[in-house]
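K.L.:
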Amino acid sequence: MLRDIFKSVGNIEIYGLISMIIFVVFFTLLILHTVSLKKKDVADFSRMPLDDFSDESKEL
Amino acid sequence: MENQTFYYDNKIVKNFAYATLFWGVIGMVVGLLLALQFIWPALTFGIPYTTFGRIRPIHTNAVIFAFVGNGMFTGIYYSLQRLCKARMFNDLLSKINFWGWQLIIVCAALTFAFGITTGKEYAELEWPIDILVAVIWIVFGWNMIGTIIKRRTGHIYVAIWFYIATFVTIAVLHVTNSLAIPVGLFKSYPIYAGVQDALVQWWYGHNAVAFFLTTPFLGLMYYFLPKAANRPIFSYKLSIVHFWALIFLYIWAGPHHLLYSALPNWAQSLGVVFSVMLIAPSWGGMVNGLLTLRGAWDRVREDPVLKFMVVAVTAYGMSTFEGPMMSTKTVNAISHFTDWTVGHAHIGALGWNGFLTFAVLYYLIPRIFQTHLFSRKIANLHFWIATLGIIFYAVPLYWGAITQASMWKEFTAAGFLKYPNFLETVTQLKPMYATRAIGGGLYIVGIVLGIYNLILTIKAGKFLPEEAASAPALAKIAGKRGSGEGVHRWLERRPVQFTIVALVAILIGGLIEIVPLYLVKTNIPTIASVKPYTPLELQGRDIYVREGCYTCHSQQVRPFRSETERYGEYAKAGEYVYDHPFQWGSKRNGPDLSREGVVSGRQYKPNSWHFNHMLNPQRLNEQSIMPSYKWLITDDLDLSTTAKKIRVMQFLGVPYPDGFDKIANDDLLLQAKGIADDLKSQGIQVEPTKEIIAMIAYLQRLGKDVHAAGMPTATITGK
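Chains C and H supply the protein sequences, listed in that same order. Going by our numbering, the first sequence opens with residue 3, and the numbers climb by one from there. Going by our numbering, the second sequence opens with residue 102, and the numbers climb by one from there.
1) Distance cutoff 8 Å, beta carbons only. Does Val401 (chain H) sit that close to anything in chain C?
2) Going by beta-carbon coordinates alone, are Ala434 (chain H) and Tyr361 (chain H) separated by less than 8 Å?
3) Contact criterion: CB-CB distance below 8 Å. Does Val342 (chain H) meet it with respect to chain C?
4) Hey, which unbroken runs of the beta strand (DSSP E) at 3 residues or more fall wholly within the segment 692-770 of chain H?
5) So, helix, strand or coil for Asn104 (chain H), using DSSP?
6) Assuming contact is defined by CB atoms lying nearer than 8 Å, are Tyr634 (chain H) and Met796 (chain H) in contact in what I supplied?
7) Under a CB-based cut-off of 8 Å, is Phe349 (chain H) close to chain C?
8) Can you pull the chain C neighbours of Lys688 (chain H), defined as C-beta to C-beta under 9 Å?
9) Would you tell me roughly how many angstroms separate the C-alpha atoms of Gly216 (chain H) and Ala224 (chain H), rounded to the nearest one?
10) Closest to Gly396 (chain H) by C-alpha separation, out of H:Ile334, H:Lys745, H:Phe344 and H:Tyr671, would be which residue?
11) Unbroken beta strand (DSSP E) runs of length 3 or more, entirely within the segment 546-628 of chain H: which are they?
12) If you check the beta carbons only, do Asn244 (chain H) and Asn198 (chain H) fall under 8 Å apart?
13) If you drop the 5 nearest sequence neighbours on each side, which residues of the same chain put their C-beta closer than 7 Å to that of Leu181 (chain H)?
14) Against chain H, with Cβ distances strictly below 8 Å, would Asp57 (chain C) count as a contact?
15) For Gly132 (chain H), count neighbouring Cβ atoms within 10 angstroms of its own Cβ and tell me buried if that reaches 16, exposed if not.
16) Shorter than 8 Å from the beta carbon of Pro596 (chain H) to some beta carbon of chain C?
17) Going by the beta-carbon positions, is the gap between Ile607 (chain H) and Val269 (chain H) smaller than 8 Å?
18) Using the Cα positions of Phe139 (chain H) and Lys531 (chain H), report the straight-line distance between them to the nearest angstrom.
19) DSSP three-state label for Phe312 (chain H), please.
20) Can you list the alpha helix (DSSP H) stretches of 4 or more residues lying completely in the segment 270-339 of chain H, in chain order?
21) What residues in the segment 173-204 of chain H have a beta carbon less than 8 Å from any beta carbon of chain C?
22) Under the assumption that Ile747 (chain H) contacts Pro636 (chain H) (Cβ atoms under 8 Å), give the Cβ distance between them as a whole number of angstroms.
23) Is the CB of Leu39 (chain C) under 8 Å away from at least one CB in chain H?
24) Tell me the DSSP secondary structure of Phe199 (chain H) in three-state form.
25) Measure how close the beta-carbons of Val301 (chain H) and Thr277 (chain H) come, nearest whole angstrom, since I'm counting them as under 8 Å.
26) Between which two residues does the alpha helix (DSSP H) holding Met173 (chain H) run?
27) Just to check my reading of the structure: Ile206 (chain H) and Ala167 (chain H) have Cβ atoms closer than 8 Å, yes? What is that Cβ distance to the nearest angstrom?
28) If Ile282 (chain H) sits next to Phe752 (chain H), beta carbons under 8 Å apart, how far is it from one beta carbon to the other, in whole angstroms?
29) To the nearest angstrom, how far is it from the Cα of Leu319 (chain H) to the Cα of Lys763 (chain H)?
30) State yes or no: is the beta carbon of His358 (chain H) nearer than 8 Å to at least one beta carbon in chain C?
31) Assign Lys820 (chain H) to one of three DSSP states: helix, strand, or coil.
32) Hey, which unbroken runs of the beta strand (DSSP E) at 3 residues or more fall wholly within the segment 371-401 of chain H?
33) Provide the residue span of the alpha helix (DSSP H) that contains Gln640 (chain H), from first to last.
34) Quick one: which residues of the segment 23-34 of chain C get their C-beta closer than 8 Å to a C-beta of chain H? List them in chain order.
Dropping the structure here:
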């Protein structure tokens with residue numbers, strides 16, 4: 003499958019190459035970002051749906 | 102910071118919830134009627150408005166855009182206000198969003214019944230309604246982003262990221278795929294043709310699944326699952342990776358709907374690779390959802406909301422594993438054009454979307470009516486009946502799909518097709534179709550029970566239209582990045598910038614796949630013998646589109662021996678260059694028609710056969726499940742549109758000679774008279790200006806140009 007993307011077909015092989023480079027760069031940066039998040043921030047964010055201070059949050 | 106009191110708008114949530122239930126029943130009852138037509142074709146009642154080709158788009162659009170769409174709006178309007186600690190940006194925009202969406206649904210149902218359609222799956226709406234959809238969608242996005250901007254929370258929770266991605270991507274997909282030149286108020290031709298139209302359409306079609314049926318519901322999952330379980334999401338870090346990976350990868354996967362087609366191989370392969378990669382973020386989301394229930398599994402036994410959620414997330418996991426598998430060429434060779442696709446789609450629609458929608462409704466309706474769910478027992482009964490319904494629906498279709506694909510591909514020891522008559526492979530499936538209808542019926546019974554339960558809940562409660570809440574105002578935060586603040590952390594509090602970055606992420610895949618197909622001419626080699634349709638054939642083609650023939654018949658022979666033996670020469674990109682829109686289809690309830698007009702071909706039938714077949718298919722073959730199209734014999738062809746159609750085609754680059762529009766009807770009548778005379782010689786009296794003549798002309802044209810080119814059959818591998 004990958005060979006089909008990279009092989010020379012009407013000079014479009016550059017598009018396959020670009021897409022794979024974007025993919026690798028994108029996810030490397032994303033993983034670095036998530037690893038660098040502070041624990042407290044992450045805990046606060048994940049509790050957001052539970053902290054809405056409204057009438058509906060009471061148990062029914 | 103001083104606490105501010107404000108009020109959530111529950112009225113808009115209630116309106117969308119009611120619309121969800123109403124359209125859910127309508128969409129699914131139409132689906133049941135379709136299922137029954139496979140067993141009793143007479144259930145079209147002999148009228149045009151209820152034929153399979155016309156009501157199949159009503160079913161798909163009603164379920165996707167009416168039931169799931171309203172369900173999505175219900176959940177978003179409820180959760181967005183609470184996650185932003187703010188009322189919706191503008192009540193008028195909320196009302197326009199609601200009433201505009203219902204108007205679109207009514208217009209869709211009416212136009213499809215009347216045969217007003219573009220002939221592109223899940224994008225069948227004609228241009229005036231398309232414009233209305235774009236306007237209402239912008240109203241929704243404006244209201245949503247306005248609410249996020251005026252929020253009282255610093256961070257934008259991950260559920261809202263999914264809502265933002267839904268908004269921007271659907272806007273891009275809808276506008277790009279709907280670009281068309283109008284012929285009149287109810288008819289247009291897409292600006293794309295053939296292979297290019299197919300790629301844009303399935304880029305849209307696949308991502309409508311991704312960004313209308315998946316991302317908003319993942320957003321709902323990230324809000325309602327923690328709420329119902331009373332636990333924070335299992336891993337917020339995973340949700341971040343899940344979000345970006347999903348929206349980035351999904352957009353590339355569209356070409357997997359066109360494997361073994363005339364689409365260039367490099368584009369097919371990109372679709373396959375990215376589809377397989379999609380398993381990772383999809384399952385990341387599923388795992389994140391299910392692990393949120395850690396320590397709360399005992400409550401799943403008791404709480405119907407959690408029960409529905411667990412099955413919904415599991416169905417999501419199943420269909421997002423099955424989807425990539427079906428995208429590999431090996432599996433796709435068997436699954437494509439069969440009921441496997443239908444089974445797969447319904448695991449997603451009934452399991453993931455349907456169950457999550459009901460989980461959300463069971464969660465929020467008692468809350469906005471300040472009461473308890475009327476009966477947990479009825480909710481549990483709904484759950485079990487609907488679960489059983491899904492199983493009864495999907496299993497026979499998988500069984501049927503493998504049965505039919507095997508029959509299509511089976512050869513005798515002498516090297517001939519074992520089942521050369523397509524109909525043999527359909528009649529074999531009738532027991533499976535009957536079981537599928539039972540499954541669909543059970544699911545509807547479950548929904549009726551659910552609605553009954555919710556009505557009694559509503560009756561027992563008191564609606565709270567304005568729900569008081571309080572939160573400190575959001576402190577003014579600098580627009581620029583603070584010291585030590587990463588780019589993503591900054592983005593997480595800047596909704597407009599976040600929207601732009603999400604837009605860039607989804608555009609990359611689309612541009613890389615679609616742009617080369619336009620810029621590099623070698624992608625679509627032309628075939629000299631392929632000529633534009635004659636005016637009569639063009640009118641016939643429009644009737645073919647109007648009747649939704651593409652919902653049952655493909656026009657794309659795949660390069661398998663079993664297909665070239667059955668139908669003829671395999672599909673070439675160059676033969677579709679004048680097809681606005683393409684009509685490749687995605688399901689074969691009947692045989693492929695793309696070689697129907699090749700006189701020496703295996704599929705050829707004389708004009709009289711087509712006439713009699715349209716009049717009464719069962720008279721020619723008792724087992725046929727095709728409905729009658731007898732109105733084509735009595736209805737007059739609309740000759741007033743011919744010249745305009747030719748001019749629009751010329752504008753789109755179809756090489757009709759200058760001034761041809763002025764003599765188009767003369768050409769049309771001459772060709773029509775030839776067909777009418779031939780029918781007369783067979784003892785069939787019909788005027789040349791009737792619609793059936795145009796339809797026959799179109800069917801008899803299919804495949805002729807490629808055959809005229811005398812193309813040698815290329816080396817074909819496998820069955």
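Note that the Cβ used here is the ideal one computed from N, Cα and C, for glycine as well.
P.N.:
Quick answer:
1) Taking the second sequence and counting its residues from 1, the one referred to as residue 401 (chain H) is at position 300. Closer than 8 Å: no.
2) Mapped onto the second sequence, residue 434 (chain H) falls at position 333. Mapped onto the second sequence, residue 361 (chain H) falls at position 260. A contact, by the Cβ cut-off of 8 Å.
3) Reading the second sequence from its first residue, position 241 is the one you call residue 342 (chain H). At least one chain C Cβ lies under 8 Å of Val342 (chain H).
4) none
5) Residue 104 (chain H) sits at position 3 when you count from the first residue of the second sequence. Note: Asn104 (chain H) maps to strand in three-state DSSP.
6) Within the second sequence, the letter at position 533 stands for residue 634 (chain H). Within the second sequence, the letter at position 695 stands for residue 796 (chain H). No.
7) Looking up residue 349 (chain H) in the second sequence gives position 248. Chain C contact via Cβ: present.
8) Your numbering for residue 688 (chain H) matches position 587 in the second sequence. In chain order: nothing, as chain C lies at least about 25 Å away.
9) The residue you call residue 216 (chain H) lines up with position 115 of the second sequence. The residue you call residue 224 (chain H) lines up with position 123 of the second sequence. About 14 Å.
10) On the second sequence, residue 396 (chain H) is found 295 positions in, with the first residue counted as 1. Here the closest residue by C-alpha is H:Ile334.
11) 567-573
12) On the second sequence, residue 244 (chain H) is found 143 positions in, with the first residue counted as 1. On the second sequence, residue 198 (chain H) is found 97 positions in, with the first residue counted as 1. Yes; because the gap between Cβ atoms is below 8 Å, this pair is in contact.
13) By one-based count along the second sequence, residue 181 (chain H) stands at place 80. Excluding sequence neighbours, Leu181 (chain H) sits near Met245, Thr248, Ile261 and Tyr264.
14) Here the question's residue 57 (chain C) lines up with position 55 in the first sequence. Since pLDDT at Asp57 (chain C) reaches only 47, below the 50 mark, its modelled position is unreliable, and no value is offered.
15) Taking the second sequence and counting its residues from 1, one reaches residue 132 (chain H) at position 31. When all chains shown are included, Gly132 (chain H) counts as buried.
16) Numbered from its first residue, the second sequence carries residue 596 (chain H) at position 495. Cβ-Cβ to chain C under 8 Å: no for Pro596 (chain H).
17) The residue you call residue 607 (chain H) lines up with position 506 of the second sequence. The residue you call residue 269 (chain H) lines up with position 168 of the second sequence. Cβ distance < 8 Å, so Ile607 (chain H) and Val269 (chain H) count as in contact.
18) The residue labelled residue 139 (chain H) in the question sits at position 38 within the second sequence. The residue labelled residue 531 (chain H) in the question sits at position 430 within the second sequence. Their Cα atoms are separated by approximately 7 Å.
19) On the second sequence, residue 312 (chain H) is found 211 positions in, with the first residue counted as 1. Note: Phe312 (chain H) maps to helix in three-state DSSP.
20) 295-309 and 316-330
21) Ser180, Arg183, Leu184 and Lys186
22) The residue you call residue 747 (chain H) lines up with position 646 of the second sequence. The residue you call residue 636 (chain H) lines up with position 535 of the second sequence. The Cβ separation is near 6 Å, so the contact holds.
23) As a position in the first sequence, residue 39 (chain C) is number 37, starting the count at 1. Yes, contact with chain H.
24) Along the second sequence, one-based indexing puts residue 199 (chain H) at 98. Correct three-state label for Phe199 (chain H): helix.
25) Position 200 of the second sequence, counted from the start, is the residue given in the question as residue 301 (chain H). Position 176 of the second sequence, counted from the start, is the residue given in the question as residue 277 (chain H). Rounded, the Cβ-Cβ distance is 6 Å, consistent with contact.
26) By 1-based counting over the second sequence, the position of residue 173 (chain H) is 72. Where Met173 (chain H) is concerned, the enclosing alpha helix (DSSP H) stretches over Gly170 to Cys185.
27) Residue numbering aside, residue 206 (chain H) sits at position 105 when the second sequence is read from its first letter. Residue numbering aside, residue 167 (chain H) sits at position 66 when the second sequence is read from its first letter. The Cβ separation is near 5 Å, so the contact holds.
28) Counted from its first residue, the second sequence places residue 282 (chain H) at position 181. Counted from its first residue, the second sequence places residue 752 (chain H) at position 651. Yes, they are in contact, since the Cβ atoms of Ile282 (chain H) and Phe752 (chain H) sit about 6 Å apart, within 8 Å.
29) Along the second sequence, read from residue 1 onward, the residue named residue 319 (chain H) stands at position 218. Along the second sequence, read from residue 1 onward, the residue named residue 763 (chain H) stands at position 662. Spanning the two alpha carbons is a distance of roughly 55 Å.
30) Residue mapping note: residue 358 (chain H) aligns to position 257 of the second sequence, counting from 1. With 8 Å as the cut-off, His358 (chain H) does not count as an interface residue toward chain C.
31) Here the question's residue 820 (chain H) lines up with position 719 in the second sequence. Because the pLDDT of Lys820 (chain H) is 48, which lies under 50, any placement of that residue in the model is unreliable, and the question is left without a value.
32) none
33) Against the second sequence, residue 640 (chain H) aligns to sequence position 539. Gln640 (chain H) -> alpha helix (DSSP H) spans Pro636 to Arg647.
34) Ile24, Phe25, Phe28, Phe29, Leu32 and Ile33
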